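In short: position in the sequence shown from 1, add 3, done, that's this note's numbering. Below is one structure; the comments refer to it alone.
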Amino acid sequence: MSDKTRRVTGMLAAVGCLAMLSGCEWWPPALQQRIGQQETQLKILGAEKTALQNKGVELTKAVDDCKAQSAQGAKVQADLQAQVDQLKADLEAALAKKGKPGKK
Numbered sequence: 004m005s006d007k008t009r010r011v012t013g014m015l016a017a018v019g020c021l022a023m024l025s026g027c028e029w030w031p032p033a034l035q036q037r038i039g040q041q042e043t044q045l046k047i048l049g050a051e052k053t054a055l056q057n058k059g060v061e062l063t064k065a066v067d068d069c070k071a072q073s074a075q076g077a078k079v080q081a082d083l084q085a086q087v088d089q090l091k092a093d094l095e096a097a098l099a100k101k102g103k104p105g106k107k
């Protein structure tokens, strides 16, 4: 190789390295369009994610409310059963005082 060819090759290599290190701000139009589409999809997916997270919070609250109502219902049922048992015992005691045998 001649000295001139070496210098030209070296300069081209240096320019190429500088271009790579400085970063290229030019993007082909097709790539720009694809990047734009993907950014739009990311925004849409972000909105959907937020909506789903909100629905999840709402469903969690609904589950907690149902559990609370179920526990309250079970307590009321237990209280009513205790009242029924007490009323049966009172009825049997009253029938025993009258001298009539109670049904069993």
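Glycine included, each C-beta is placed from N, C-alpha and C at the ideal position. Predicted model only: the values in this text are computed from it and were never measured.
For residue i, the three-state DSSP class (helix, strand or coil)
i: A5; result: Looking at the sequence provided, one finds Ser at residue 5 rather than Ala. It is coil, neither helix nor strand.
i: E95; result: helix
i: R13; result: The question names Arg, but residue 13 is Gly in the sequence shown. In this structure, G13 counts as helix in the three-state DSSP scheme.
i: G102; result: coil
Own chain, CB closer than 8 Å to residue i, minus 5 neighbours either side, in chain order
i: A85; result: none
Cβ-based neighbour list, residue i, same chain, cut-off 6 Å, excluding 5 preceding and 5 following
i: Q89; result: none
* beta strand (DSSP E) runs wholly inside the segment 31-90, at least 3 long, in chain order -> Within the segment 31-90, no run of beta strand (DSSP E) reaches 3 residues while sitting entirely inside it.
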